[in-house]
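In my numbering, the protein residues as written are 23 to 322. Think of the CB as a built atom: it goes at the ideal place given N, C-alpha and C, for glycine as much as any other residue. Bear in mind that the values here come from a model prediction, so they are computed numbers and not experimental data. Below is one structure, written out as C-alpha cells; comments come after it.
Right under this line is the structure:
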C-alpha cells in the first residue's frame, strides 16, 4: 500500500512538473468565481484542465508565469471598469467549433417560416444573441437575402450580438477558412462567399480563405451585449426568430431561467427559438413548445 501511495505521489509530482505555469486549485476556483460573478458562466471542477489549456497562450503573450498573477490582473482591470481582459478570458474558455450553416435544419426551418410569416406581416426581426465570429448570423443573412429577393416588400433585420467586442470585429469582417468542396456542395456558400485566397497545399484540411459577399451585408447590425445584463430596453421591436445556440450550456439552471425571462419578454407570441444540439428548455420555462429538434415556438 505504501509503495502504491509513493508511486502515485511521484506520478502526481511528475504531472505537476509538466505544467508550464503555476496553477493551483485555488487559482482555478478564483477564476471560476470571477467568471460566474461577471458573466453567469459556470466552471465546475471538471473544467480545471480546460481552463489551464485555454489560457496558457494568453499567459505567454502577457509574459505572466502564474495563474494567480493573471487572476489579479483581470480582477484589478474589472475594478477599474475595464472589461477587455476579462472578455479575452471568456472568449478563450468558451470557444466552440463553429462554421457556416452548422445544424442546417435550423436554417431550413427559418427559410420555411420566413415565407409563412411574410403572409401576415411585412417586417421581420431576427436575433443571433451569441454571434461569436459571425458564422451563424451570416448564414442567417444568406437565407434572408434569398427570401427577400422573392419577397421584396418584406423588410428583414438581423441583430448579431456577443459579449466580446473584439470577436464582433472579426464577425463584421466576415472572413472564413472553408473547404472549397463544402462551398461547391452548398448553394448558399457557392453564391455568397467570395474567394480571397486559394487553398494552402500544405494544410491537411485544404481550406481556402473566403469573404462574405457585400450583397448580404445590409441586413446585419452588430451590437455588444452581455446576456447577464438588462438589455431588453435596447430593442425597440420584438423578435420573430431568436438563435440562442450553445449559450445556456455554460450557465447554471438559475441563470438560464433568468435569461429566458428576458428573452421571452422581447419575442413575439408565435416567434421561434433555436437552441444548440445539446440544449433544452426543460425545467427552465413553460412559455415555449418544442416544435422539432431544438426548435421552440413561443406560445404565451
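Look at the beta carbons and you see the stretch 289-297 touching the stretch 260-279: at least three pairs across the two are nearer than 8 angstroms.
DSSP places residue 164 in the helix class (H, G or I) of the three-state scheme.
For residue 285, the CB contacts under 8 angstroms within the same chain, skipping 5 residues up- and downstream, are 151, 264, 266 and 295 in chain order. Residue 80 and residue 110 do touch by the CB rule: their CB atoms are close to 6 angstroms apart, below 8 angstroms. Distance from the CA atom of residue 277 to the CA atom of residue 189, rounded to whole angstroms, is 23 angstroms.
Around the beta carbon of residue 54, 16 or more other beta carbons sit within 10 angstroms, so the residue counts as buried. Judged by DSSP secondary structure, residue 215 falls within the beta strand (DSSP E) whose first and last residues are 215-219. By the 16-neighbour rule on beta-carbons within 10 angstroms, residue 283 is exposed. A straight line joining the alpha-carbon of residue 270 with that of residue 238 spans about 29 angstroms.
In terms of Cβ geometry, residue 166 and residue 272 do not form a close pair [threshold 9 angstroms].
The beta-carbon separation of residue 244 and residue 182, rounded to 5 angstroms, stays under the 8 angstroms limit for a contact.
Residue pairing by DSSP puts residue 147 in a beta bridge opposite 179.
Per DSSP, the continuous beta strand (DSSP E) segment holding residue 262 begins and ends at 261-266. Here residue 230 is not near residue 197, since their CB atoms are 9 angstroms or more apart.
Per DSSP, the beta-bridge partners of residue 63 are 273. Here the alpha carbons of residue 205 and residue 130 stand approximately 17 angstroms from one another. Note on residue 207: under 16 other CB atoms within 10 angstroms of its CB, so exposed under the neighbour-count rule. According to the DSSP secondary-structure assignment, residue 312 is paired through a beta bridge with 318.
Among the bridge pairs identified by DSSP, residue 242 is matched with 180. When secondary structure is reduced to three states using DSSP, residue 199 falls in the strand class.
Nearest C-alpha to residue 145 among 169, 302, 216 and 155: 169.
Excluding its 5 nearest sequence neighbours in each direction, residue 179 has C-beta neighbours in its own chain below 6 angstroms: 147, listed in chain order. Counting only the Cα atoms, residue 143 lies some 32 angstroms from residue 300. Just so you know, the alpha carbons of residue 314 and residue 121 end up roughly 22 angstroms apart. Per the DSSP secondary-structure output, residue 211 pairs with nothing in a beta bridge.
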